[in-house]
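Below you'll find the structure, written out as structure tokens, and then a few comments.
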Amino acid sequence: MQPNSFPWQSPLPCSNSLPATCTSGQSKVAAWLQDSEEMDRCAEDLAHCQSNLVELSKLLQNLEILQRTQSAPNFTDMQANCVDISKKDKRVTRRWRTKSVSKDTKIQLQVPFSATMSPVRLHSSNPNLCADIEFQTPPSHLTDPLESSTDYTKLQEEFCLIAQKVHSLLKSAFNSIAIEKEKLKQMVSEQDHSKGHSTQMARLRQSLSQALNQNAELRSRLNRIHSESIICDQVVSVNIIPSPDEAGEQIHVSLPLSQQVANESRLSMSESVSEFFDAQEVLLSASSSENEASDDESYISDVSDNISEDNTSVADNISRQILNGELTGGAFRNGRRACLPAPCPDTSNINLWNILRNNIGKDLSKVSMPVELNEPLNTLQHLCEEMEYSELLDKASETDDPYERMVLVAAFAVSGYCSTYFRAGSKPFNPVLGETYECIREDKGFRFFSEQVSHHPPISACHCESKNFVFWQDIRWKNKFWGKSMEILPVGTLNVMLPKYGDYYVWNKVTTCIHNILSGRRWIEHYGEVTIRNTKSSVCICKLTFVKVNYWNSNMNEVQGVVIDQEGKAVYRLFGKWHEGLYCGVAPSAKCIWRPGSMPTNYELYYGFTRFAIELNELDPVLKDLLPPTDARFRPDQRFLEEGNLEAAASEKQRVEELQRSRRRYMEENNLEHIPKFFNR
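Position one of the sequence shown corresponds to residue 840 (our numbering), numbered consecutively onward.
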């Protein structure tokens, strides 16, 4: 039998016969091929195993032949012995036995007989009749089986030994192949890792090159902006500080409306003198609601939501010039302040109980408070603070879906409360009758104007315009003290119009409560129901619930809402907290509609003001000569408090309160009635 004639033998190439194409250009695989010790050993073991298998096949054939030759003679001898015994029995029976005995003998001869059988009992008188018969095989037949059995045993032992050798050789070959397989796996994995590493390095190089290109582009842009800003500064210096000979001409060319503004400012000043008796003192006055009580608390002023067309303010002219791009060339600073001039005062030594114990259940807006409890903003500026997230209305004006527009308007309604979260420790100044405030935000694209139209009851009105929306409200507050807390009850409506879609949204405000007035850490809470309706369309309405904290509900500042269609089915569900954000949908897959901005550094030391609130009372040097004298930024008591001069702030506040009382007495004696400058009743 040839070595390659076994079908179970798979041809295993040695190390020199492995294909070189699969390892070309790979040094590690080439080194593995050169290290052929294990593979040579495996090939040698397989060769020995093959020769042993040839011997095993020969032994197996010999065993089969021996087994066949050993069984054949025994069967022939057994047949011959049986024939001899039957003939001898016949002769003995004829001589000694009767017919009955001969019958028995015939029956016995018919039974198969073998050399190994035990004697058969033939009769009771001679039970061992067959024992006398000698059954002996010839000597030649006795020796052959012994010799054949010995040869058979030797062949079996030899077969087992060679089989064990084959098993050990196959086991060794298998181990060698397993070792080489692991080596090959390790090399392939190292090659894949090196390929992945090189790919990652290529990507990193590409990202780095892109970042460098972007950095270079940004540098070029910054250089261009810097050069343009330098040019703008030069233009400002020429326009604002002209020479005496060319001053009139330059102002007329650069700022064609500035002379008109100056004239109107002087006219406004004269009107202020006739209205408030003393323009400077009027600007120093505090709210009449802090100083005087009213006998007719049921009076509610009906304030129009339209700006008067007959009376156009100086600040309104300035607003139009800024929004139309007429005042350019650096007339306003690019940046705004990021911090107040001085931190808030310490109010731990003020005993509020002595002030409030005689006013429990009364309207606290008519109770004079120490100036330390105020913050350097007034109520008119607080109304402007509600426009901090006006971009929600801008986005609503670009949304075609009426349900999504309602969601954005609802988010804007909630965002107006977030600035009060850190402001529970102080109260705003109440504005003077006729006091105004204007805020022009080019970055947000709106101009805001507010006026105190009534002081009995105190009513504030505001109007805000943008190319995307119009916002206005008239609101009054009624305060009540309940011992440990104080409630602020707003009366009035908020209005938003989206000209693009003709939508007109109206909603109300909720109740505000300040807890721990007398002791402990003060905290503020808003609770109540808000219903937002589109008066121009009945497609949907929105209902918001500011959840009140109680014993069974510990979720503070929680807001829940729903936008429903005409059939009363919920289209969108809203949830969140008025100081953290508002979400639309179902958690955790809800979409964030609004989230407040980050607070400035050390905001606790500066009245808890947001970044937007810090900028509200900032008096720009360029606008200082253009704003009307009734603007809230000219109030010295408020300005002194902002600068940390408490003595001057308290003195000015006391003087203003006395002037307010005198002014009211004068108007009552002469039957005069205050007429708002920019709003109609």
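Positions of the beta carbon are idealized from the N, C-alpha and C atoms, including for glycine.
Query	Result
Residues bridged to R1372 (per DSSP)	V1345, I1380
Separation of N1510 from R1502, as counted between CA atoms	12 Å
Counterpart residues of A1300 in DSSP-defined beta bridges	E1290, D1313
Closest Cα partner of R1494 within the set R1504, D1476, V1345	D1476
Rounded separation between M1438 and T1259 - CA only	12 Å
Member of S988, L1232, L899 whose CA lies at the smallest distance from the CA of C999	L899
Buried versus exposed, by CB contacts within 10 Å (16 or more), I1514	exposed
C1431 vs Y1242 beta-carbon contact at 8 Å	no
Rounded separation between P1270 and Y1366 - CA only	26 Å
Status (buried if at least 16 other CB within 10 Å, exposed otherwise) for K1516	buried
C-beta atoms of S1289 and L1222 nearer than 8 Å	yes
Backbone CA spacing between A1487 and L1191 [nearest angstrom]	22 Å
Reference G1415; option with closest CA among A1249, P1467, P1297, G1447	A1249
Backbone secondary structure at I1194 - three-state DSSP	helix
Three-way DSSP call (helix, strand, coil) for Q1405 in this model	coil
Whole-angstrom distance between E1512 and E1443, CA atom to CA atom	43 Å
Range of the contiguous alpha helix (DSSP H) that encloses P1475	1475–1482
Nearest candidate by alpha-carbon position, reference R1520, set A1252, A1177, Q1291	Q1291
Alpha-carbon to alpha-carbon, T1469 and L1272	10 Å
As assigned by DSSP and simplified to three states, the class of R1412	strand
T992 versus L902: straight-line alpha-carbon distance, rounded	9 Å
Assumed close pair L1522, H887 - CB separation to whole angstroms, cut-off 8 Å	This structure cannot settle anything about residue 1522, because the visible part of the chain is limited to 840 through 1520.
Of the residues A1409, S1428, A1429, P1435, the one placed nearest G1420, counting alpha carbons only	P1435
Beta-ladder partner(s) of W1321, from DSSP	W1321 is not bridged to any residue.
Short Cβ contact (8 Å threshold) for C1381 with M1245	yes
Nonlocal neighbours in the same chain, by C-beta distance under 8 Å from E1454, ignoring five residues either side	R1175, R1176
Proximity below 8 Å, CB of L1216 to CB of E1274	no
Chain-order list of residues whose beta-carbon lies under 6 Å from that of Y1526 (same chain, five-residue window excluded)	Absent from the model: residue 1526. The displayed extent of the chain is 840 to 1520, so no value can be given.
Cβ neighbours of L1480 in the same chain (closer than 7 Å, five flanking residues each side left out)	V1210, N1213, P1215, A1488
Check whether D884 and A1012 have beta carbons under 8 Å apart	yes
Candidates Q995, I1001, N1014, of which the one nearest M878 by Cα	N1014
Coil, strand or helix - T1218 by DSSP	helix
First and last residue of the uninterrupted beta strand (DSSP E) at Y1422	1420–1423
Contact under 8 Å by Cβ, S1229 with F1285	yes
Among Y1422, W1391, I1353, V1309, the one whose alpha carbon lies nearest that of L1383	Y1422
Cβ neighbour criterion (16 or more within 10 Å) applied to Q1499	buried
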